[in-house]
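Shown next, in structure tokens, is the structure this report addresses.
Protein chains: 2
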Amino acid sequence: MALFLSTYENKLDRKGRVSVPASFRAALPIPLFNGVVLFRSHKSQALEGCGMDRMETLSQSIDSLDLFSDAQDDLAATIFADAHQLNLDSDGRITVPQHLLDHANITERVLFVGAGPVFRIWEPEAFKIYQNEARAKVKDQNLTLKLSKPNGGAS
Amino acid sequence: MALFLSTYENKLDRKGRVSVPASFRAALPIPLFNGVVLFRSHKSQALEGCGMDRMETLSQSIDSLDLFSDAQDDLAATIFADAHQLNLDSDGRITVPQHLLDHANITERVLFVGAGPVFRIWEPEAFKIYQNEARAKVKDQNLTLKLSKPNGGAS
DNA sequence: CTCTATATGGGATAGCATGGGATGACATGG
DNA sequence: CCATGTCATCCCATGCTATCCCATATAGAG
Numbered sequence: 001m002a003l004f005l006s007t008y009e010n011k012l013d014r015k016g017r018v019s020v021p022a023s024f025r026a027a028l029p030i031p032l033f034n035g036v037v038l039f040r041s042h043k044s045q046a047l048e049g050c051g052m053d054r055m056e057t058l059s060q061s062i063d064s065l066d067l068f069s070d071a072q073d074d075l076a077a078t079i080f081a082d083a084h085q086l087n088l089d090s091d092g093r094i095t096v097p098q099h100l101l102d103h104a105n106i107t108e109r110v111l112f113v114g115a116g117p118v119f120r121i122w123e124p125e126a127f128k129i130y131q132n133e134a135r136a137k138v139k140d141q142n143l144t145l146k147l148s149k150p151n152g153g154a155s
Numbered sequence: 156m157a158l159f160l161s162t163y164e165n166k167l168d169r170k171g172r173v174s175v176p177a178s179f180r181a182a183l184p185i186p187l188f189n190g191v192v193l194f195r196s197h198k199s200q201a202l203e204g205c206g207m208d209r210m211e212t213l214s215q216s217i218d219s220l221d222l223f224s225d226a227q228d229d230l231a232a233t234i235f236a237d238a239h240q241l242n243l244d245s246d247g248r249i250t251v252p253q254h255l256l257d258h259a260n261i262t263e264r265v266l267f268v269g270a271g272p273v274f275r276i277w278e279p280e281a282f283k284i285y286q287n288e289a290r291a292k293v294k295d296q297n298l299t300l301k302l303s304k305p306n307g308g309a310s
């Protein structure tokens, strides 16, 4: 699966296009579909992004729930309905739908933030505020993390 | 299998035709039959849609239930008896039978809603209400989902 | 300082959704 | 069996925009 690291700030142009950072493009799997999937984060004013492979994994996970169950329907309605598949053009740019930009309050600058298997898209100032709060929380709670074993053992 | 994402609103014309969104057409498998299958959802005022491959998978799943059992008969009666295979025309449109449109209260605008391996067709306002409720449920119940391992093993 | 990779800006084109007409297939009635 | 009506299918035109292509600027590495 993909691994997205680091943070890049690119410009949104008048046509609503923005360059996806080269290292993020490189991190995407060889695709049937050459692009990214974006959807609105329900926890913050940001967009969540990933490759199509992640969506396929999600789809399989949801498909393993009982067919026609409420849980399956509700998750599908909140995740897949909102997930936009955006093609990368030949120059490595995507065109972001306006309502996604609105959700994240983006007008000019776009911040791509690596988050491991996924990435997030923020308005740069909003991310600064968020990151400061996150740092304070991590420090206050002395958060730690067990590493997974390479073979995927339960943690 | 197919992966349907995002949400598209298209117009129903006077002949009862509507464009199937290009990305949904692209998501359909290379077909013996070039079209989609639609049937009335038994849970909501929407239509369920998929490719023929999904119908075949459903058929196999139902066939593995006890022969002549009530469950098998009931599912067959609600799904297969009601399922319409609708050809895509050369411009990527389908003609939707009136009683399917009636079930979903569709008169003019048709909302195609990606739901992973299937998609749904809603009247746009009805879906807004439904999605808000789904979001509230997902949030209230703190629904989570374990991702499948890539080889499909249970986690 | 030079070269290369990446991001940015702009124009052209092809694809998509929409609207409408023509034709052929199919069902129905005589 | 044939005629007729209905509608599914095919074809074409149009406008909008996503996609493609190309040029330029900038930053970083050698």
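Order-wise, the sequence lines are chains F and H. Read in order, the letters of the first sequence are residues 1 to 155 in the working numbering. Read in order, the letters of the second sequence are residues 156 to 310 in the working numbering. No residue lacks a Cβ here, since even glycine has one placed at the ideal position from N, Cα and C. The model shown is predicted, which means the values in this text are computed figures rather than measured ones.
Residue i: contacting residues in chain H (beta-carbon distance under 9 Å)
i, result
"Leu-143 (chain F)", "What Leu-143 (chain F) touches in chain H: nothing, since even the nearest Cβ is about 19 Å away."
"Ile-62 (chain F)", "Ala-270, Gly-271, Pro-272 and Leu-300"
"Thr-95 (chain F)", "Correct list: empty, because the minimum Cβ distance to chain H is about 14 Å."
Best match in the options for proximity to residue i [C-alpha to C-alpha]
i, options, result
"Cys-205 (chain H)", "H:Ala-226, H:Ala-232 and H:Asn-242", "H:Asn-242"
"Lys-198 (chain H)", "F:Ala-134, F:Gln-60, F:Asp-70 and F:Ala-22", "F:Asp-70"
"Glu-164 (chain H)", "H:Met-210, H:Val-273, H:Ser-174 and H:Asp-221", "H:Ser-174"
"Asp-246 (chain H)", "H:Pro-176, H:Ser-161 and H:Thr-162", "H:Pro-176"
"Ala-117 (chain H)", "H:Ala-201, H:Glu-278 and H:Ser-214", "Coverage of chain H is limited to positions 156 through 310, which leaves residue 117 (chain H) absent and any answer about it impossible."
"Thr-57 (chain F)", "F:Ile-79, F:Gln-45, F:Leu-47 and F:Ser-148", "F:Ile-79"
"Leu-256 (chain H)", "H:Ile-284, H:Ser-196, H:Lys-283 and H:Ala-232", "H:Ser-196"
"Ile-185 (chain H)", "H:Leu-202, H:Glu-203 and H:Met-207", "H:Met-207"
"Val-192 (chain H)", "H:Phe-274, H:Gln-286, H:Lys-283 and H:Glu-288", "H:Phe-274"
"Trp-122 (chain F)", "F:Phe-33, F:Leu-47 and F:Ala-26", "F:Leu-47"
Partners in chain H for residue i, counting only beta-carbon separations shorter than 7 Å
i, result
"Phe-68 (chain F)", "Lys-198"
Contacts of residue i in chain F (Cβ-Cβ under 9 Å)
i, result
"Leu-220 (chain H)", "Per Cβ cutoff of 9 Å: no residues; Leu-220 (chain H) is ~12 Å from chain F at best."
"Val-191 (chain H)", "Per Cβ cutoff of 9 Å: no residues; Val-191 (chain H) is ~16 Å from chain F at best."
"Ser-214 (chain H)", "Per Cβ cutoff of 9 Å: no residues; Ser-214 (chain H) is ~13 Å from chain F at best."
"Ala-226 (chain H)", "Chain F residues near Ala-226 (chain H): none, gap ~12 Å exceeds 9 Å."
Chain H residues whose Cβ lies nearer than 8 Å to that of residue i
i, result
"His-84 (chain F)", "Leu-160 and Ser-161"
"Ala-2 (chain F)", "Chain H residues near Ala-2 (chain F): none, gap ~12 Å exceeds 8 Å."
Beta-carbon spacing of residue i, residue j below 8 Å
i, j, result
"Phe-24 (chain F)", "Phe-112 (chain F)", "yes"
"Asn-105 (chain F)", "Ala-136 (chain F)", "no"
"Ile-249 (chain H)", "Arg-169 (chain H)", "no"
"His-99 (chain F)", "Gln-45 (chain F)", "no"
"Ala-270 (chain H)", "Ala-83 (chain F)", "no"
"Leu-75 (chain F)", "Val-293 (chain H)", "yes"
Neighbour list for residue i in chain F, Cβ cutoff strictly below 7 Å
i, result
"Arg-209 (chain H)", "In chain order: nothing, as chain F lies at least about 10 Å away."
"Gly-247 (chain H)", "The premise fails here: Gly-247 (chain H) is roughly 17 Å from chain F at the closest Cβ pair, so nothing lies under 7 Å."
"Lys-292 (chain H)", "Asp-74"
"Ser-174 (chain H)", "Going along chain F, no residue has its Cβ under 7 Å from Ser-174 (chain H), so there is no contact; the nearest lies around 17 Å."
"Ala-281 (chain H)", "Under the 7 Å cutoff, chain F gives no residues; its nearest Cβ is about 12 Å from Ala-281 (chain H)."
Same chain, Cβ closer than 8 Å to residue i, neighbours up to 5 away in sequence not counted
i, result
"Pro-120 (chain H)", "Because chain H spans 156 through 310 in this model, residue 120 (chain H) falls outside it and cannot be assessed."
"Glu-263 (chain H)", "Lys-166 and Leu-167"
"Leu-32 (chain F)", "Met-52"
"Phe-68 (chain F)", "none"
"Asn-306 (chain H)", "Unreliable placement is indicated for Asn-306 (chain H), whose pLDDT of 47 sits below 50; the coordinate value is still reported in the next sentence. Excluding sequence neighbours, Asn-306 (chain H) sits near nothing in its chain."
Cβ shell of residue i (< 7 Å), same chain only, five flanking positions each side left out
i, result
"Gln-227 (chain H)", "Ile-217, Leu-220 and Asp-221"
"Gly-190 (chain H)", "Gln-240, Leu-241, Asn-242, Leu-243 and Ile-249"
"Pro-279 (chain H)", "Glu-164, Arg-264 and Leu-266"
"Ala-27 (chain F)", "Ala-2, Leu-3 and Phe-4"
Own chain, CB closer than 6 Å to residue i, minus 5 neighbours either side, in chain order
i, result
"Leu-145 (chain F)", "none"
"Thr-162 (chain H)", "Val-268"
Contact set between residue i and chain F, taken where Cβ atoms lie within less than 8 Å
i, result
"Gln-286 (chain H)", "Ala-77, Thr-78 and Ala-81"
"Ala-259 (chain H)", "Those within 8 Å of Ala-259 (chain H) in chain F number zero; the least Cβ separation is about 15 Å."
Problem set entry | Segments of 3+ residues assigned as beta strand (DSSP E) that fall wholly inside the segment 90–135 of chain F | 93–95, 109–115 and 118–122
For this session: Go through the segment 198–230 of chain H residue by residue and report every complete run of the alpha helix (DSSP H) that reaches 4 residues or more, in order.
Result: 207–218 and 225–230
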